[in-house]
Amino acid sequence: MNVIELNHITKSFGKNVAVNDLSLDVPEGSIYGFIGPNGSGKTTTIRMIMNIFYPDSGIIKVFNGEQAGNLLDRVGYLPEERGLYKKMKVKELISFYGELKHVSNPSREADYWLEKFDLSNWAKKKVETLSKGMSQKVQFIITIINKPEIIILDEPFSGLDPVNAEIIKEVILDLRAKGSTIVFSTHDMSVAEKMCDFISMIYKGKKVLDGTLESIQKQFGQDTIRIQMEGGVSMLNGIAGIEKINDFGQIQELRMIPGTDSQQILSDIISKTRVTKFEIASPSLNDIFIRIARPEKNGGYE
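Numbering of the sequence shown is given in the numbering used here, commencing with residue 473 and proceeding in unit increments.
In structure tokens, the structure reads:
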């Protein structure tokens, strides 16, 4: 069963087409990653799902027909632009939203989440005294306090330190285990790669990738070599069959020209230096993202 369905959605602002004939399905109980460069239409799409914007054409179904904007108790939404009542005290604010969302004991629930996110000492302080990261944690708590069936998160990890990003990741996985469907947009390809059951990428308003990570990687084949060698990237000068080199310092990623024999590349490199690691692999999601969002006509170093 799909809990969200978009069928041929288009949205324009003046002459700018933000979303162009977009269709996608979000399966129930999944973690669905929504990726794309800045300005690709991700946030516009999320706002249409939430009825903040309305599509110019196409159909959006949530829970097989109802509108997300009318389902306060069933859909949680963390917008990209954070917004809280700055003059309210932190616990009062969380409890207030808990009451709005019909949480049985909002005060107790607020205490639980404040402790989990190491915010208990800030419970009686005004929201305006919080740092940006703290405010984001409070807004996340408000979003999921009633454990909604669908949770839509626009860049949930942005601006968080590794410890709090890890806590949010754990909470997301726990909510999914308890039946929630999670949709989140992110610029962090490693997070999408590790967490998401399904991934969709839009570029210039159009869907360019959709499916599991495995199915997406299969579209590109095993055209990537990850190599570690003495002498670093300079040892690759003059090696035939390499379309592009992504130099990470200690390790290099090589994109092969179609039809190239990877063993010949290895042989040519070994003739020049000692190789300590050599792996043939599918491209990472980060590499796929860059190939689409920053296409280049010629090879070279990145």
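A virtual CB, placed ideally from N, CA and C, is assigned to each residue, including glycine.
Check                                                                                                                                                                  : Outcome
Could you tell me the boundaries of the alpha helix (DSSP H) in which P634 lies?                                                                                       : 634-649
With DSSP run on the structure shown, which of helix, strand or coil describes P578?                                                                                   : helix
Please determine if the segment 521-534 and the segment 599-617 are in contact, where contact requires at least 3 C-beta pairs separated by less than 8 angstroms.     : no
Under 7 angstroms between the Cβ atoms of G513 and V491?                                                                                                               : yes
Near F761, which residues of its chain fall below 6 angstroms by C-beta distance, leaving aside the five closest residues on each side in sequence?                    : M661
Would you give the residue range spanned by the alpha helix (DSSP H) that I737 belongs to?                                                                             : 734-742
Evaluate N770 with the Cβ neighbour count: other Cβ atoms within 10 Å of its Cβ, from every protein chain shown; 16 or more gives buried, anything less gives exposed. : Low confidence applies here, because N770 scores a pLDDT of 41, under 50, leaving its location unreliable and the question unanswered by this model.
Does I566 come out as helix, strand or coil in the three-state DSSP assignment?                                                                                        : helix
Can you give the Cα-Cα distance for K483 and V643, rounded to whole angstroms?                                                                                         : 33 angstroms
To the nearest angstrom, how far is it from the Cα of L572 to the Cα of I614?                                                                                          : 10 angstroms
Which of the three DSSP states is assigned to L586 in this structure?                                                                                                  : helix
Measure the Cβ-Cβ separation of Q700 and K744 and say whether it is below 7 angstroms.                                                                                 : no
Judging by CA-CA distance, which residue of L681, K716, D719 is the nearest neighbour of G508?                                                                         : L681
In the DSSP assignment, the beta strand (DSSP E) including I481 goes from what residue to what residue?                                                                : 474-485
Give the straight-line distance between the Cα atoms of I697 and I654, rounded to the nearest whole angstrom.                                                          : 33 angstroms
Closer than 6 angstroms to a non-hydrogen atom of the ligand FAD - does that hold for the CB of N758?                                                                  : Ligands in the displayed structure: none, and consequently the ligand FAD is not present.
Expressed to the nearest angstrom, what Euclidean distance is found between the alpha-carbon atoms of N718 and R580?                                                   : 51 angstroms
Can you tell which of L494, A582, N523 has the C-alpha that lies nearest to the C-alpha of Y675?                                                                       : L494
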